[in-house]
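Sequence lines, in order, name chains G and Y.
Just so you know, we're using the working numbering here: the first sequence kicks off at 66 and counts up by one.
Just so you know, we're using the working numbering here: the second sequence kicks off at 66 and counts up by one.
Glycine included, every Cβ here is placed at the ideal spot set by N, Cα and C.
Everything numeric in this text was worked out from a predicted model, so none of it was measured.
Protein chains: 2
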Amino acid sequence: MIDQTATALLEEGDPAADARAFRRALGQFSTGITVVTTRSDDRLYGMAANSFSAVSLDPPLVLWSIRKESRSAAAFLGSGHFGINVLADHQMELSALFGRPQPEQFDQVHWTASAHGDPLLDGVLAHFECVTETVVDGGDHHILVGRVQRFARYEGAPLLFTQGQYSVAEGHPDLALAAHLPATATGDRSEESLFTSLLQATDHHMSALFQNHRNRLGVTLATGRVLNRLSRGSCTRDVLEHDTFLGENAVDDALSALVEKDQVRRNQDGIWALTDDGRRVRSALRRSAERFTEQQLRGISHEDLATTERVLATLLGRGDSG
Amino acid sequence: MIDQTATALLEEGDPAADARAFRRALGQFSTGITVVTTRSDDRLYGMAANSFSAVSLDPPLVLWSIRKESRSAAAFLGSGHFGINVLADHQMELSALFGRPQPEQFDQVHWTASAHGDPLLDGVLAHFECVTETVVDGGDHHILVGRVQRFARYEGAPLLFTQGQYSVAEGHPDLALAAHLPATATGDRSEESLFTSLLQATDHHMSALFQNHRNRLGVTLATGRVLNRLSRGSCTRDVLEHDTFLGENAVDDALSALVEKDQVRRNQDGIWALTDDGRRVRSALRRSAERFTEQQLRGISHEDLATTERVLATLLGRGDSG
Numbered sequence: 066m067i068d069q070t071a072t073a074l075l076e077e078g079d080p081a082a083d084a085r086a087f088r089r090a091l092g093q094f095s096t097g098i099t100v101v102t103t104r105s106d107d108r109l110y111g112m113a114a115n116s117f118s119a120v121s122l123d124p125p126l127v128l129w130s131i132r133k134e135s136r137s138a139a140a141f142l143g144s145g146h147f148g149i150n151v152l153a154d155h156q157m158e159l160s161a162l163f164g165r166p167q168p169e170q171f172d173q174v175h176w177t178a179s180a181h182g183d184p185l186l187d188g189v190l191a192h193f194e195c196v197t198e199t200v201v202d203g204g205d206h207h208i209l210v211g212r213v214q215r216f217a218r219y220e221g222a223p224l225l226f227t228q229g230q231y232s233v234a235e236g237h238p239d240l241a242l243a244a245h246l247p248a249t250a251t252g253d254r255s256e257e258s259l260f261t262s263l264l265q266a267t268d269h270h271m272s273a274l275f276q277n278h279r280n281r282l283g284v285t286l287a288t289g290r291v292l293n294r295l296s297r298g299s300c301t302r303d304v305l306e307h308d309t310f311l312g313e314n315a316v317d318d319a320l321s322a323l324v325e326k327d328q329v330r331r332n333q334d335g336i337w338a339l340t341d342d343g344r345r346v347r348s349a350l351r352r353s354a355e356r357f358t359e360q361q362l363r364g365i366s367h368e369d370l371a372t373t374e375r376v377l378a379t380l381l382g383r384g385d386s387g
Numbered sequence: 066m067i068d069q070t071a072t073a074l075l076e077e078g079d080p081a082a083d084a085r086a087f088r089r090a091l092g093q094f095s096t097g098i099t100v101v102t103t104r105s106d107d108r109l110y111g112m113a114a115n116s117f118s119a120v121s122l123d124p125p126l127v128l129w130s131i132r133k134e135s136r137s138a139a140a141f142l143g144s145g146h147f148g149i150n151v152l153a154d155h156q157m158e159l160s161a162l163f164g165r166p167q168p169e170q171f172d173q174v175h176w177t178a179s180a181h182g183d184p185l186l187d188g189v190l191a192h193f194e195c196v197t198e199t200v201v202d203g204g205d206h207h208i209l210v211g212r213v214q215r216f217a218r219y220e221g222a223p224l225l226f227t228q229g230q231y232s233v234a235e236g237h238p239d240l241a242l243a244a245h246l247p248a249t250a251t252g253d254r255s256e257e258s259l260f261t262s263l264l265q266a267t268d269h270h271m272s273a274l275f276q277n278h279r280n281r282l283g284v285t286l287a288t289g290r291v292l293n294r295l296s297r298g299s300c301t302r303d304v305l306e307h308d309t310f311l312g313e314n315a316v317d318d319a320l321s322a323l324v325e326k327d328q329v330r331r332n333q334d335g336i337w338a339l340t341d342d343g344r345r346v347r348s349a350l351r352r353s354a355e356r357f358t359e360q361q362l363r364g365i366s367h368e369d370l371a372t373t374e375r376v377l378a379t380l381l382g383r384g385d386s387g
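Right, here's the structure in full:
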């Protein structure tokens, strides 16, 4: 039977009435992350974008959107061509570098020029070299439809943007375990070991339980991370964005929500800090998380836990050579 | 420093010359999965789509693309409105149900009607109720830009489509471990336990190593899964798609690649089976995977491994209550 287990409604409404809540709802659709680049009037432009979408195979078309108010919009519309770079899982720094306009961004990275002179970044998962086919009005954005002239695909795993945070993909745990069920394992086995499948399924299961626990406390992943980071010391918004692995919008939304609850404040130098209330809430959350973990681990002996941690740490330290 | 570790080029070219390779390159950009629905002339239509993209906050706009040749295209263009359902991680069956035209799809699922009568499915992560703002020509697809009138956001984690397969998201392992580094953990700790973070990081690390191993053998995830599934018995293409958790295109591409290498064949009844060559290759892959796993687990005692597996299985069996 189709699984449609009811899930709790978190918020709903008219997007024109609450843009921030609408953005959170849009964030339920996960995406990869690209850096889109162009060369215009002998200058280079690049920006992180997750609005990329495959459109057509024949002719080969893709699209992405740029804010009309973006400082680079004129360059992207004017040049008539662009390059798409699909980021790999270890490239959060690259995403951050192109997340906002910064001088000399291209001096800090390795790239080669496409036939049109658009920067193609090294170490990414895919390149698409495009000429602009159409520009469509998209409200506060322009939608750029590009015709792909060249593509390249590289080895690696993707960087994801999921519910406002950077994340990585794991094979679906149902498949991992299904391959080891007695009913299907007629003397034969999955390609991956039972150990790996068990690791994957347990990881996903525990993450999901912890997320439910956090939701019940009225904390989002983003506000939880911001409180955690600030409990280690005050910092600027940019440092906060970097250290929490949250996207630009998620950090701003979390800060706004926490300011409304009087749990964080910004001083004159633009440094963010916890208020007394914020410190109290953060401590309560930590105690609750500890109780939750104790509950999950109950009945497992200290020795067994220590053994398990030692085995996991050993595996984590092993490289590609075997 | 920015991580741009060079990665192996897998393929490149002119998309007009090799549509299948181009599609594999497009698959490097990960997406969530939606089911888009409409009511037109008192009939209901629904189809799985991963071309969804957020466009604009003010006005609130989103877009997605439909194949011009799709049997539902006229209905979606004619009705002037549609509903977007963003699927949760446990809803692969829902994705499969709407992956291809089937009679009475909506009799098999729970839904409520939007103000326009478009089906909004139960148990999903988000709903967007839209009126069609513009339809743009997109080569072999129509691009539908919709204005969002209502949104709703629900608790849950997303179903992903990544490099041709269903997957789930995990928090970025760099963050999980960074929170526990001595330099930052000044007497304070991450919200999640060290145990959970270690589990997450080890899981991701081992998956990445296994993927590299598979690549070096010249096997893709998709061809590996198809060979595995067929080694358990012959089956139809639809069963293959279901059991391998691969998308429609990934299954077709894998079958074509394996037919070219004479490792699978289809009989008159449309049943797919391994050839003698396919059986040999599959056995060699399995032995190689076993050697790889042995290498990874070397030096860890049987007792420690057994303890670790027992602890993981215990955790996996625990529910939300603690």
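Under 7 angstroms, Cβ to Cβ, is there at least one residue of chain G near Y:Ile67?
Closer than 7 angstroms to some Cβ of chain G, the Cβ of Y:Ile67 qualifies, so yes.
Check the Cβ of G:Glu374 against every Cβ in chain Y and list those closer than 8 angstroms, keeping chain order.
Residues of chain Y passing the Cβ test: Leu259, Phe260 and Leu263.
Could you name the residues that DSSP lists as bridge partners for Y:Val210?
DSSP output for Y:Val210 lists Y:Leu128 and Y:Thr199 as bridge partner(s).
Mind pulling the chain G residues with CB within less than 7 angstroms of Y:Leu142?
None at all; the shortest Cβ gap to chain G is about 16 angstroms.
So is G:Ser121 in contact with chain Y if we call contact Cβ pairs under 7 angstroms?
True, the Cβ-Cβ gap to chain Y drops below 7 angstroms.
Find the nearest neighbour of G:Val127 within the set G:Arg136, G:Asn150 and G:Leu109, judged by alpha-carbon distance.
Closest by alpha carbon: G:Asn150.
Is the Cβ-Cβ distance between G:Ala301 and G:Asp183 less than 7 angstroms?
The residue asked about is misnamed: residue 301 of chain G is Thr in this sequence, not Ala. In this structure, G:Asp183 does not lie closer than 7 angstroms to G:Thr301 by Cβ.
Kindly give me the distance between the Cβ atoms of Y:Ser179 and Y:Gly148, rounded to whole angstroms, as I take these residues to be in contact under 8 angstroms.
That belief holds up - the Cβ atoms of Y:Ser179 and Y:Gly148 are roughly 5 angstroms apart, short of 8 angstroms.
Cβ of Y:Leu190 less than 7 angstroms from any chain G Cβ?
Closer than 7 angstroms to some Cβ of chain G, the Cβ of Y:Leu190 qualifies, so yes.
Verify the CB distance criterion: does G:Leu246 have a CB-CB separation below 7 angstroms to chain Y?
Per-residue confidence for G:Leu246 stands at a pLDDT of 47, beneath the threshold of 50, marking its modelled position as unreliable; the derived number appears in the next sentence. Chain Y, which has no Cβ nearer than 7 angstroms to the Cβ of G:Leu246, makes this no.
Spatial neighbours of G:Phe48 within its chain, please: CB distance less than 8 angstroms, with the 5 preceding and 5 following residues excluded, ordered by chain position.
Outside the shown range of chain G, which is 66 to 387, sits residue 48 of chain G, and nothing can be said about it.
I'd like the list of long-range same chain contacts for G:Ala119, defined as Cβ closer than 6 angstroms, with 5 residues on each side in sequence excluded.
Closer than 6 angstroms at Cβ, skipping near neighbours: Val127.
Are the beta-carbon atoms belonging to G:Asp318 and G:Asp342 less than 7 angstroms from one another?
Taking 7 angstroms as the Cβ cut-off, G:Asp318 and G:Asp342 do not qualify as a contacting pair.
Run the proximity test for G:Gly204: is its beta-carbon closer than 6 angstroms to any non-hydrogen atom belonging to the ligand NAD?
The ligand NAD is absent from the structure shown, which contains no ligand whatsoever.
What residues in its chain sit with their C-beta under 8 angstroms from that of Y:Glu235, if we drop five residues either side in the sequence?
Counting only Cβ-Cβ distances below 8 angstroms, and skipping sequence neighbours, we find Gln265, Asp268 and His269.
Does the region 189-208 of chain Y come into contact with the region 84-104 of chain G, if we say contact requires no fewer than three beta-carbon pairs (one atom in each stretch) closer than 8 angstroms?
With a cut-off of 8 angstroms, the region 84-104 of chain G and the region 189-208 of chain Y count as touching, because enough Cβ pairs lie within range.
In the structure shown, what three-state DSSP assignment does G:Gln156 receive?
The answer is coil: DSSP assigns G:Gln156 none of H, G, I, E or B.
Can you pull the DSSP bridge partners for G:Thr102?
Looking at the DSSP assignment, G:Thr102 forms a beta bridge with G:Gly111 and G:Gly148.
With burial defined as no fewer than 16 other Cβ atoms inside 10 Å of the residue's Cβ, what is the status of Y:Pro168: buried or exposed?
Label assigned to Y:Pro168: exposed.
Of all Cβ atoms in chain B, is any one closer than 7 angstroms to the Cβ of G:Gly236?
Absent here is chain B; the protein component of the structure consists of chains G and Y.
How many angstroms separate the CA atom of G:Leu159 from the CA atom of G:Ser130?
Using only the alpha carbons, I get a separation of about 19 angstroms.
By how many angstroms is the C-alpha of Y:Ala153 removed from the C-alpha of Y:Gly221?
Their backbone Cα atoms lie some 6 angstroms apart in a straight line.
Give the residues of chain Y in contact with G:Gly204, contact being defined as C-beta atoms less than 7 angstroms apart.
Within 7 angstroms Cβ-Cβ: Val120, Ser121, Asp123, Pro124 and Leu126.
DSSP has G:His269 in a bridge; who is on the other side?
Answer is none; G:His269 lacks a bridge partner.
List, in chain order, every chain G residue whose beta-carbon is nearer than 7 angstroms to that of Y:Gln93.
Near Y:Gln93 (Cβ distances below 7 angstroms), the residues of chain G are Val151, Leu190, Ala191, Arg218 and Pro223.
Tell me, to the nearest whole angstrom, how far the beta carbon of G:Phe141 is from that of G:Leu209; I am working on the premise that it is less than 8 angstroms.
Confirmed, Cβ separation roughly 7 angstroms.
Among the candidates G:Gly111, G:Leu362 and G:Arg279, whose CA atom is the shortest distance from the CA of G:Arg347?
When only C-alpha atoms are compared, the closest one is G:Arg279.
Can you list, in chain order, the stretches of the alpha helix (DSSP H) that have 4 or more residues and sit fully within the region 277-357 of chain Y?
If we require 4 residues or more, the alpha helix (DSSP H) runs fully inside the region 277-357 of chain Y come out as 286-296, 302-309 and 313-325.
Please check if any C-beta of chain G sits within less than 7 angstroms of the C-beta of Y:Met271.
Yes, Y:Met271 lies at the interface with chain G (some Cβ there is under 7 angstroms from its Cβ).
Among the candidates Y:Phe226, Y:Thr379 and Y:Asn332, whose CA atom is the shortest distance from the CA of Y:Ser116?
Of the candidates Y:Phe226, Y:Thr379 and Y:Asn332, the one whose C-alpha sits nearest the C-alpha of Y:Ser116 is Y:Phe226.
To the nearest whole angstrom, what separates the beta carbons of Y:Asp202 and G:Asp123, a pair I think is in contact under 8 angstroms?
Not confirmed; about 14 angstroms, so no contact.
Name the chain G residues that come within less than 8 angstroms of Y:Arg345, Cβ to Cβ?
Those within 8 angstroms of Y:Arg345 in chain G number zero; the least Cβ separation is about 15 angstroms.
Quick check: is the beta carbon of Y:Glu313 nearer than 7 angstroms to any beta carbon in chain G?
Y:Glu313 does not count as touching chain G.
Using a beta-carbon distance below 7 angstroms, is Y:Pro184 in contact with chain G?
Output row for Y:Pro184: interface = no.
Any chance the region 375-385 of chain Y sits against the region 354-367 of chain G, with 3 or more Cβ pairs inside 8 angstroms?
In short, these stretches touch, since the Cβ pair count reaches three.
Could you name the residues of the same chain whose beta carbon sits closer than 8 angstroms to that of G:Thr340, not counting the 5 residues immediately before and after it, in chain order?
Counting only Cβ-Cβ distances below 8 angstroms, and skipping sequence neighbours, we find Asp327, Gln328, Val329 and Arg330.
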